[in-house]
Each structure stands twice: as structure tokens, then as C-alpha cells.
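Residue numbers for the sequence shown follow the working numbering, so the first one is 1 and each next one is one higher. No residue lacks a Cβ here, since even glycine has one placed at the ideal position from N, Cα and C.
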Amino acid sequence: MEKTSDSAHITSKTMLPAAINAWEMFLHDQGRSPNTVKAFLSDVRLLNQFAAPDQTIGAITTDDINRFFTWMEKERGVACSPKTLSRRITSIKSFFRWLHQHGTLTIDPAEKVLQRSAISPVPQVLTEVEYEAVFLAADRHRREKKPDARPYTLVHLLLTTGIKKSECLGIHINHIDLDAKGGPHLFVRYASPANRYKERKIELDEGWVIAYNEYLAQYQPVDQVFPWSPRRLEYLLEDISEEAGLTKHLSFDMCRWTCALRDHQAGIESDKIRQKLGVSKIQWRELFIKLKQLNGEIK
């Protein structure tokens with residue numbers, strides 16, 4: 001098997017830290033995002049804490065790796081959630097697979113280590129009755145003696161676009177095109193090039209556009225559409241939750257999941273929902289399972 005330049009200088013007798021450094025160079029060369037590289041390296045360097053100081057990569061066995069995960073989960077004294085454990089197993093497997101594929105190791109000791117899935121709990125969503133109650137509570141603010149379109153503009157946007165809190169806070173006036181040929185659109189933008197794959201265009205319905213124009217006239221935002229702190233907007237959602245008589249805690253995340261579920265129930269193609277949410281195909285696997293659970297399709 002032909003070696004790459006990244007692994008040509010390491011052998012089965014190379015110490016673990018040097019092999020990890022070579023893998024770091026490889027990950028950067030592959031164009032992995034800084035956050036991904038950082039997560040991978042932090043996970044694999046934990047193995048270096050567990051292994052003997054003179055341990056070579058060729059001497060590490062499947063039993064060693066399994067003992068490492070037992071230590072990390074039960075004996076290290078630092079909390080390790082199922083999701084974190086799953087990610088760390090993935091990192092270790094990726095590291096040893098790279099060593100094996102590029103000829104440094106003849107046998108991949110992590111290949112037979114069991115991957116543990118860590119699907120987090122099914123999220124809360126609004127029922128149809130709660131959904132209508134939230135809209136009515138938010139809309140009442142537009143009809144008061146001193147009209148306030150902000151609650152309705154925010155809630156309606158979250159429940160129909162499924163954007164995340166950070167994306168909502170990142171919306172600028174020029175990200176909303178009310179005169180687009182195909183109808184009004186929101187452009188979700190990211191400052192970091194590493195997040196470019198999450199950028200997307202989402203349709204806006206006419207009901208929201210009417211409220212948005214009212215909101216613009218009332219608040220006259222200059223740049224950022226919602227120029228408040230994250231906590232202030234969370235308080236606003238909490239107020240609407242109380243006014244709607246909910247026993248649940250209305251949040252950005254609940255609005256996002258409610259939007260996704262309603263799109264799924266409306267028969268929208270799953271890949272279109274994925275694109276609307278701005279998630280990768282790998283992330284979508286777990287999210288789609290949750291949507292099916294929420295919809296009662298699987299238990």
C-alpha cells in the first residue's frame with residue numbers, strides 16, 4: 001500500500017504523540033475545518049494520557065482501546081456523556097483507520113471497537129393547538145393601542161423557517177429580499193468560510209412580510225434585523241409562551257423542531273427539509289430519525 005507524504009516518516013514503532021502530529025498535518029491538508037481538527041485531536045490526545053509513556057502505535061491493541069474507553073467512561077473522574085463518548089470513538093477509529101490505510105499499521109486495532117450511537121432525547125415540539133395559540137398571542141401585540149409587531153415577526157419567522165438562534169441574530173436587513181423574482185426570501189449567511197455549506201435561501205410567506213413591514217416602521221432597525229441580546233429575545237419567547245397558556249418552555253430550538261416536523265407532515269421531501277435547516281447529510285441521519293419519532297412513525 002502506498003504511503004502518503006504525511007505518513008511516510010512514521011512507522012509502527014513511532015510514539016503516539018508523533019503519529020498524532022502527522023495526522024494533524026493530514027487533516028489540515030484534507031481541508032477539514034479548524035473546529036473538526038481541534039475536536040479530533042483533543043479526543044485522540046486523551047488516548048495518549050491513558051497509554052504508557054513508551055507506547056508505540058504498533059503495540060496498541062483492540063483490548064487497549066476498549067480499556068481506554070472504559071477508563072474514560074467510568075474511571076477517569078470526568079463526566080463523559082453518551083454523545084461525547086460516541087464522538088471520541090469516531091475520532092479514535094478515524095485515526096487508526098488512517099494509519100492502517102496508509103500502510104503504517106498492517107492491522108487496524110480500532111476496527112473491531114464497537115461504535116456506540118448516542119441519539120439525544122427526542123425534542124419537544126408544539127402541538128397544532130399550541131401552535132395556533134402562540135400565533136394568536138404574538139399577533140395580539142400587533143392589535144394593541146400601541147402596536148408592537150416584534151413578537152409576531154420573531155415567532156412567525158422562527159416557526160416557518162426553522163433557523164437557529166445564532167442565525168436569527170445574524171440576520172441583517174440586506175439578507176431579506178422582499179422583491180425577489182421567486183417571491184420574498186431570507187438569505188442565511190455566515191461570516192466564517194468554514195460554515196459556508198450552511199448558507200441557504202429560505203422562502204418567506206406573505207403573512208410574515210406584512211408583519212415585517214410593520215416591524216420595520218415601528219423599530220427602524222439600521223443593520224441587524226433583531227438588534228437585541230440573545231437573552232432578551234429568549235425572554236420575549238417566554239412571554240409569548242405564558243400569554244399562549246403553554247406549559248412548555250417556548251424556545252428557539254422548539255420553534256426549529258416544530259417547523260421541521262410540520263414540513264415533514266406536509267409531505268415536503270426530506271432532503272429539502274435538510275437543506276432548509278442547513279445541516280449536513282451526516283447530521284440529518286439522526287435528525288430524521290427524531291422527526292419520525294416525533295411523528296409517531298417509529299418508537
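Discussion item. So, for Leu47: in the same chain, excluding its five sequence neighbours on each side, which residues have a beta-carbon less than 6 Å away from its beta-carbon?
Written reply: Phe68
Discussion item. Using DSSP's beta-bridge definition, name the partner residues of Leu186.
Written reply: Ile176 and Ile202
Practice prompt. Verify whether the separation of the beta carbon atoms of Ser91 and Asp29 is less than 7 Å.
Written response: no
Discussion item. Rounded to whole angstroms, what is the Cα-Cα separation between Val303 and Thr70?
Written reply: The question about residue 303 has no answer, for the chain in this structure spans 1 to 299.
Discussion item. If the criterion is Cβ atoms closer than 7 Å, does the pair Leu16 and Ala51 meet it?
Written reply: Contact flag set, yes.
Practice prompt. Measure the C-alpha to C-alpha separation of Pro230 and Lys165 and round it to an integer number of angstroms.
Written response: Cα to Cα, Pro230 sits roughly 8 Å from Lys165.
Worksheet entry | Counterpart residues of His15 in DSSP-defined beta bridges | Note that residue 15 corresponds to Met in the displayed sequence, not to His. According to DSSP, Met15 shares a beta bridge with Thr56.
Item to complete: Give the straight-line distance between the Cα atoms of Gln124 and Thr11, rounded to the nearest whole angstrom.
Response: C-alpha separation (whole angstroms): 50 Å.
Item to complete: Indicate, with yes or no, if the ligand SAH has a heavy atom lying under 6 Å from the CB of Ile20.
Response: In the structure shown, the ligand SAH is absent, as is every other ligand, since no ligand is present at all.
Worksheet item: In its own chain, which residues sit with a C-beta less than 6 Å from the C-beta of Ala138, not counting the 5 before and 5 after it?
Response: Excluding sequence neighbours, Ala138 sits near Pro151, Tyr152, Val155 and Ile240.
Worksheet item: If you draw a straight line from the C-alpha of Tyr131 to the C-alpha of Leu277, how long is it?
Response: 19 Å
Discussion item. Along the chain, where does the alpha helix (DSSP H) containing Ser241 start, and where does it finish?
Written reply: Pro230 to Glu243
Discussion item. In whole angstroms, give me the CA-to-CA distance for Thr160 and Arg262.
Written reply: 9 Å
Discussion item. Going by DSSP in three states, Gln224 sits in which element: helix, strand or coil?
Written reply: Here Gln224 sits in strand by DSSP.
Item to complete: In the DSSP assignment, find the alpha helix (DSSP H) that holds Asp139 and state where it starts and stops.
Response: Glu128 to Arg140
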